[in-house]
Amino acid sequence: MKQIELRLALVLYGGVSLAVYMHGVTREFLNIVRASRKLEREIFGNASGLREEIDAKAEPVTAALYRSLLEKFTPEVSLRVVVDVVAGASAGGINGVMLARAIAHDLDIDMHRDFWLQNADVTELSNEPVGLTRYLKGSIAPVIDRLVAMGLKSETTDPETREKLRQFVQARWFTPPFSGERFVGWMLDAAAAMGTAVGDNDEAAGRRGTLIPQGQRLDLFVTLTDFHGQRRRFDIDNAGVIEEKEHRRILRFKARHRAAGDVTSEFTDPFIPALVFAARATSSFPGAFPPMTVGEMDHVFLERGEPWFNEADPLERRRILLDKLAGDRDTDPAARVFVDGSVVMNKPFQPVIDAIAKRPASREVVRRLVYVDPLPADINTAEAVDGPDVPGFFRVIFASMAHIPRNEPIGDALQHVAELNREVHHVADVIAAAEPVVEREVAEIIRLDPRTPPTVNELTRARMEANEAAHRAAGYTYFGYQRLKLRVVTESLSILVSRLAALGGAEIGEQEVAARIAAWLEKGLEKTSRTSRTSPEIVMFLRHLDVDYRIRRLRFVILRLNRLYRGGEWQAGNGSVAMDELKTTLYEQVDHLTRRWSREFYGEETCRVAAEFARSSADDGATLANLLELLGQRMGLSDLDRLSDDVFSVMAYNYLPPERRAQLTSAYVGFAFYDLVTLPVLRRPDAVEVNEIRIDRISPSDPHTLRPGGLTLKGTTLSAFGAFFNRRWREHDYLWGRLNAADRLVTLVLSAAGPEKQLDASVCESLRHELFLAILREEAPHLIADPDLVPSLIAEVEARLAEWPVGIAL
Numbered sequence: 029m030k031q032i033e034l035r036l037a038l039v040l041y042g043g044v045s046l047a048v049y050m051h052g053v054t055r056e057f058l059n060i061v062r063a064s065r066k067l068e069r070e071i072f073g074n075a076s077g078l079r080e081e082i083d084a085k086a087e088p089v090t091a092a093l094y095r096s097l098l099e100k101f102t103p104e105v106s107l108r109v110v111v112d113v114v115a116g117a118s119a120g121g122i123n124g125v126m127l128a129r130a131i132a133h134d135l136d137i138d139m140h141r142d143f144w145l146q147n148a149d150v151t152e153l154s155n156e157p158v159g160l161t162r163y164l165k166g167s168i169a170p171v172i173d174r175l176v177a178m179g180l181k182s183e184t185t186d187p188e189t190r191e192k193l194r195q196f197v198q199a200r201w202f203t204p205p206f207s208g209e210r211f212v213g214w215m216l217d218a219a220a221a222m223g224t225a226v227g228d229n230d231e232a233a234g235r236r237g238t239l240i241p242q243g244q245r246l247d248l249f250v251t252l253t254d255f256h257g258q259r260r261r262f263d264i265d266n267a268g269v270i271e272e273k274e275h276r277r278i279l280r281f282k283a284r285h286r287a288a289g290d291v292t293s294e295f296t297d298p299f300i301p302a303l304v305f306a307a308r309a310t311s312s313f314p315g316a317f318p319p320m321t322v323g324e325m326d327h328v329f330l331e332r333g334e335p336w337f338n339e340a341d342p343l344e345r346r347r348i349l350l351d352k353l354a355g356d357r358d359t360d361p362a363a364r365v366f367v368d369g370s371v372v373m374n375k376p377f378q379p380v381i382d383a384i385a386k387r388p389a390s391r392e393v394v395r396r397l398v399y400v401d402p403l404p405a406d407i408n409t410a411e412a413v414d415g416p417d418v419p420g421f422f423r424v425i426f427a428s429m430a431h432i433p434r435n436e437p438i439g440d441a442l443q444h445v446a447e448l449n450r451e452v453h454h455v456a457d458v459i460a461a462a463e464p465v466v467e468r469e470v471a472e473i474i475r476l477d478p479r480t481p482p483t484v485n486e487l488t489r490a491r492m493e494a495n496e497a498a499h500r501a502a503g504y505t506y507f508g509y510q511r512l513k514l515r516v517v518t519e520s521l522s523i524l525v526s527r528l529a530a531l532g533g534a535e536i537g538e539q540e541v542a543a544r545i546a547a548w549l550e551k552g553l554e555k556t557s558r559t560s561r562t563s564p565e566i567v568m569f570l571r572h573l574d575v576d577y578r579i580r581r582l583r584f585v586i587l588r589l590n591r592l593y594r595g596g597e598w599q600a601g602n603g604s605v606a607m608d609e610l611k612t613t614l615y616e617q618v619d620h621l622t623r624r625w626s627r628e629f630y631g632e633e634t635c636r637v638a639a640e641f642a643r644s645s646a647d648d649g650a651t652l653a654n655l656l657e658l659l660g661q662r663m664g665l666s667d668l669d670r671l672s673d674d675v676f677s678v679m680a681y682n683y684l685p686p687e688r689r690a691q692l693t694s695a696y697v698g699f700a701f702y703d704l705v706t707l708p709v710l711r712r713p714d715a716v717e718v719n720e721i722r723i724d725r726i727s728p729s730d731p732h733t734l735r736p737g738g739l740t741l742k743g744t745t746l747s748a749f750g751a752f753f754n755r756r757w758r759e760h761d762y763l764w765g766r767l768n769a770a771d772r773l774v775t776l777v778l779s780a781a782g783p784e785k786q787l788d789a790s791v792c793e794s795l796r797h798e799l800f801l802a803i804l805r806e807e808a809p810h811l812i813a814d815p816d817l818v819p820s821l822i823a824e825v826e827a828r829l830a831e832w833p834v835g836i837a838l
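The opening position of the sequence shown corresponds to residue 29 in the working numbering, with each subsequent residue numbered one higher.
See the structure below:
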């Protein structure tokens, strides 16, 4: 069975009240990920041993339909759908936080429907007018009402909207009308209502399920605007060190489902306040909400009477929040002030693109970067309205301060993606060109008889000889490759040492660590240049500390193993299952190696020695050598090399057909040749995922099966605040968020399956309409403001379905 992973990275734009639409979109993404996870367990079982909460839940009809869709590709193709990166700004940040928490711990967001439809209302969000202001505004209410009607014209013809606008303008003047503390309270309740998510340290509660595939991770990025900014220091030639203020902040939360089965997560219950802080801060629309501070969180918890300070708790919630907000060392995190993330980054593509490059591939990957834009700009319409005249005084100010910064183009991000795709093709061409040469070189080193696998000792010897042969064949170009390898290892070591030193009670910057390691290595490189032979210091440094090379080697082999799934002549019986077991073992080795770059892997002695190094002088080579020797001992890379050799000697023999086993072993032994030609051409040596990235958009203006010409959301009125003034508009936008996402997800799944398994067009059409009907019937009891909304759409779907001569139900 060919295995394909449709890997989705989501970018959620800002949009004020259009957050309701985005909630509908994220619900569908959660539904299809959950459906995929359930189908995968039915086919392959629960390998991780985690308690799967979803099996005990009633499966929604929509999730069952997604599962039926994915099931239609079997047995030819096993198609897994994964969301592994989420980024959001402003309204998108709120929805991104909740979606990521749900994916990380297999939690529900059904109850959030009521959160948005009921509470995302101006009457619920607004502060009450107080004192004399209340009476003054009340007396001039008719005048205000008239002015609002004249200024907004057709946007206020709806009675509910007109009444709530009148109430809104009577709120407090010259202070933000919306209550940040009330909003925080609602989000705390919403996050808690999703269910309990415990960490691995909570043994009493057991280990919960997750929708993150084994061996993979989930990253969430939320953009904030640091009002006062944080200091950044740069070196320049004529002035030494200069400082600038950086106002853009990106809060990152992550979860990992390790190959061994355990889950480490920053979406568990102790992290709820930090997640809610991020959601509240990124959506602090200037003028509508007050800026966000830690003090606001303190006051909310005081009013709620909930525990907040507990120094004895290692997962004290306030400390987690402060650690997330920590920036430059000169500012107390509790004193920072944050406003809407869209002010500086409304379209957070860059952190997503950076994160994608570090994703491992457990099977053939189809990568999609999907951005949700609820209010795309119509360039032609904008030009027609603006005209060629010079804009007026207020229009220039408003556009410069609000409209233009929030609508920066995404061309740079798309160009970056295009460059990455060109690099993917370039690397693939380089590997393809080198492959026959490498196979001949490996054949000279070890005889790979398909009938007789090499022993562990033979494999170890061959691997080491291949390394030496590759270095000799490279000639003088090897020295450039060697310096590049040393730089990659040094950068990883500098991050690790800086963190270990901090745990040991000393501070040292990553750049300083890197400079001291580079100076220490330079002595060995001088010996190498004089003798044209790698010095013993450099050999030992790479042999005991080059974790990244081992990771690259295993992931290269896994990519080759993924190619073997495409061969169908040997897959009868349990061939695919056996390869899955081999691949799982290889990923366990990758996980062991990755842990070497984690500060949690090391004990107190290593932290103490790192702190001693941080306190030592820059020319103290002995202390650095002592630290590097200790790190090498703790890493134990020689033992892991031996274990990898054993995997290929034993497991490859037992789990792979003879010809395939020889091909894979050749790639493993000869990786040094491949690394010589691929590492220098990678713009990012730490890049892991080498798959083409394709861009998709979900937007109401895009063609839809039901509305080929697209549609306009109700909440786009009143400068995108419209849905806050009308529940019917919220229900309309929320429902279309689900319908838009469902339509696009079906298209993504069909394209990911590839030519191996194409569904009949009538089946696809019927499938979409059954999914639309399921969504509409599921929402009918909850969408009560407009009694005609759901019935009219159901009639529209059924009319379209009747156009097909034969209806094919799922």
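Heads up, the beta-carbon is just placed ideally off N, CA and C, and yes, glycines get one too.
Notebook entry, point to check: What whole-angstrom Cβ distance do Arg65 and Asp112 have, given they're in contact under 8 Å?
Noted result: Arg65 to Asp112, Cβ: 13 Å. No contact.
Next item on the list: Pull up the DSSP beta-bridge partners for Arg276, would you.
Entry: In DSSP, Arg276 forms a bridge with Thr253.
Notebook entry, point to check: Would Phe211 pass as a contact of Ser96 if the rule is Cβ separation under 9 Å?
Noted result: It is not a contact, given that the beta carbons lie outside the stated cut-off.
Margin query: Measuring alpha carbon to alpha carbon, tell me which residue in Lys551, Thr54, Glu33, Ala119 is nearest Val44.
Written below: The shortest C-alpha separation from Val44 is found at Ala119.
Check: Which value, in whole angstroms, describes the spacing of the CA atoms of Ala530 and Ala639?
Finding: In a straight line, the C-alpha of Ala530 is about 7 Å away from that of Ala639.
Notebook entry, point to check: With a CB to CB cut of under 7 Å and the five nearest residues on each side skipped, what residues in its chain are close to Tyr94?
Noted result: Counting only residues of its own chain and dropping the five nearest sequence neighbours on each side, Tyr94 has a CB closer than 7 Å to the CB of Asn59, Ile60, Ala63.
Notebook entry, point to check: Where does His327 sit, in a helix, a strand or coil, going by DSSP?
Noted result: Taken through DSSP and simplified to helix, strand or coil, His327 comes out as helix.
Checklist line | His285 - DSSP class collapsed to helix/strand/coil | finding: In the three-state reduction of the DSSP assignment, His285 falls in the strand class.
Note to self: Given this structure, state the Cα-to-Cα distance separating Leu353 from Ala823, to the nearest angstrom.
What the structure shows: One alpha carbon belongs to Leu353, the other to Ala823, and they sit about 51 Å apart.
Note to self: Which residues does DSSP list as the beta-bridge partners of Lys555?
What the structure shows: DSSP, once it has assigned bridges, lists no residue as partnering Lys555.
Notebook entry, point to check: So what does DSSP say about Ser644, is it helix, strand or coil?
Noted result: Residue state, collapsed to three classes: coil.
Item checked: Where Lys30 falls, given that 16 or more other Cβ within 10 Å makes a residue buried -> Label assigned to Lys30: buried.
Next item on the list: Please confirm whether Tyr399 and Ile71 have their CB atoms less than 9 Å apart.
Entry: The Cβ atoms of Tyr399 and Ile71 lie no closer than 9 Å to each other.
Next item on the list: Tell whether a beta-carbon distance below 9 Å holds between Gly537 and Ser520.
Entry: No, Cβ-Cβ distance for Gly537 and Ser520 is not below 9 Å.
Next item on the list: If I'm right that Ile240 touches Ile131 with Cβ under 8 Å, what's the distance once you round it to whole angstroms?
Entry: Rounded, the Cβ-Cβ distance is 7 Å, consistent with contact.
Notebook entry, point to check: Roughly how many angstroms lie between the CA atoms of Leu665 and Leu582, to the nearest whole one?
Noted result: Each residue's Cα considered, the two are about 13 Å apart.
Next item on the list: Please go through the stretch 115-160 and give each complete alpha helix (DSSP H) segment of 4 or more residues, from N-terminal end onward.
Entry: For the stretch 115-160, whole alpha helix (DSSP H) runs of length 4 or above, ordered along the chain, are 119-133, 150-153.
Margin query: I'd like to know whether the C-beta atoms of Val818 and Leu804 end up nearer to each other than 9 Å.
Written below: Yes, the pair counts as a contact, with Cβ atoms nearer than the cut-off.
Note to self: The alpha helix (DSSP H) that contains Arg561, what's its start and end?
What the structure shows: Looking at the DSSP string, Arg561 is not in any alpha helix (DSSP H), and its letter there is neither H nor E.
Margin query: Looking at Ala287: is its Cβ nearer than 9 Å to the Cβ of Gly223?
Written below: Result no, Cβ atoms of Ala287 and Gly223 do not sit closer than 9 Å.
Next item on the list: For the stretch 478-512, list the alpha helix (DSSP H) runs that are entirely contained and at least 4 residues long, ordered along the chain.
Entry: Scanning the stretch 478-512 from its first residue to its last, the whole alpha helix (DSSP H) runs of 4-plus residues come out as 484-502.
Item checked: Between the CA atoms of Tyr506 and Ala316 - distance to the nearest angstrom -> Taking the straight line from one Cα to the other gives about 60 Å.
Margin query: What does DSSP give as the partner residue(s) for Ser106 in the beta ladder?
Written below: According to DSSP, which records beta bridges pairwise, Ser106 is partnered with Gln31.
Item checked: Contacts around Arg578, its chain only, beta-carbon distance under 6 Å, and the 5 residues preceding and following it disregarded -> Excluding residues within five positions, the ones whose Cβ falls inside 6 Å are Leu621.
Next item on the list: Determine the DSSP secondary structure at Asp247, reduced to helix, strand or coil.
Entry: Asp247: strand per DSSP, three-state reduction.
Checklist line | Counted within 10 angstroms of its Cβ, other Cβ atoms place Asp54 as buried (16 or more) or exposed | finding: Rather than Asp, the amino acid found at residue 54 in this sequence is Thr. By the neighbour-count criterion, in which 16 or more other beta carbons inside 10 Å mark a residue as buried, Thr54 falls on the buried side.
Margin query: Taking the straight line between their C-alpha atoms, what separation do you get for Gln691 and Gln443?
Written below: Cα-Cα distance, rounded: 37 Å.
Item checked: Neighbourhood of Leu67 by C-beta distance below 7 Å, restricted to the same chain and skipping five residues each side -> Answer for Leu67: Arg95, Leu98, Glu99, listed in chain order.
Margin query: By the DSSP assignment, the alpha helix (DSSP H) with Glu392 in it spans what residues?
Written below: That residue, Glu392, is in no alpha helix (DSSP H); its beta strand (DSSP E) goes 392-400.
Check: Span of the beta strand (DSSP E) holding Val470?
Finding: For Val470, there is no enclosing beta strand (DSSP E); the enclosing alpha helix (DSSP H) has its first and last residue at 439-473.
Note to self: Residues in the same chain with beta-carbon distance under 8 Å from Trp764, minus the five sequence neighbours each way, listed in chain order, please.
What the structure shows: Here the set comprises Tyr49, Gly52, Pro728, Leu739, Leu741.
Check: Any idea what DSSP makes of Leu38, helix, strand or coil?
Finding: DSSP places Leu38 in strand when its eight states are reduced to three.
Next item on the list: Measure from the alpha carbon of Ala748 to the alpha carbon of each residue in Ala148, Arg396, Val114, then state which is nearest.
Entry: Minimum Cα-Cα distance from Ala748 among the listed residues Ala148, Arg396, Val114 corresponds to Ala148.
Note to self: I'd like the span of the alpha helix (DSSP H) that includes Thr90, first residue to last.
What the structure shows: Boundaries of the alpha helix (DSSP H) harbouring Thr90: 89-99, taken from the DSSP string.
Checklist line | Ala309 and Leu216 closer than 9 Å at C-beta | finding: Not in contact: Ala309 and Leu216 (Cβ atoms no closer than 9 Å).
Check: Which same chain residues, not among the five before or five after Gln539, have their C-beta less than 8 Å away from its C-beta?
Finding: Sequence-distant Cβ neighbours of Gln539 in its own chain, meaning closer than 8 Å and more than five residues away, are Ser522.
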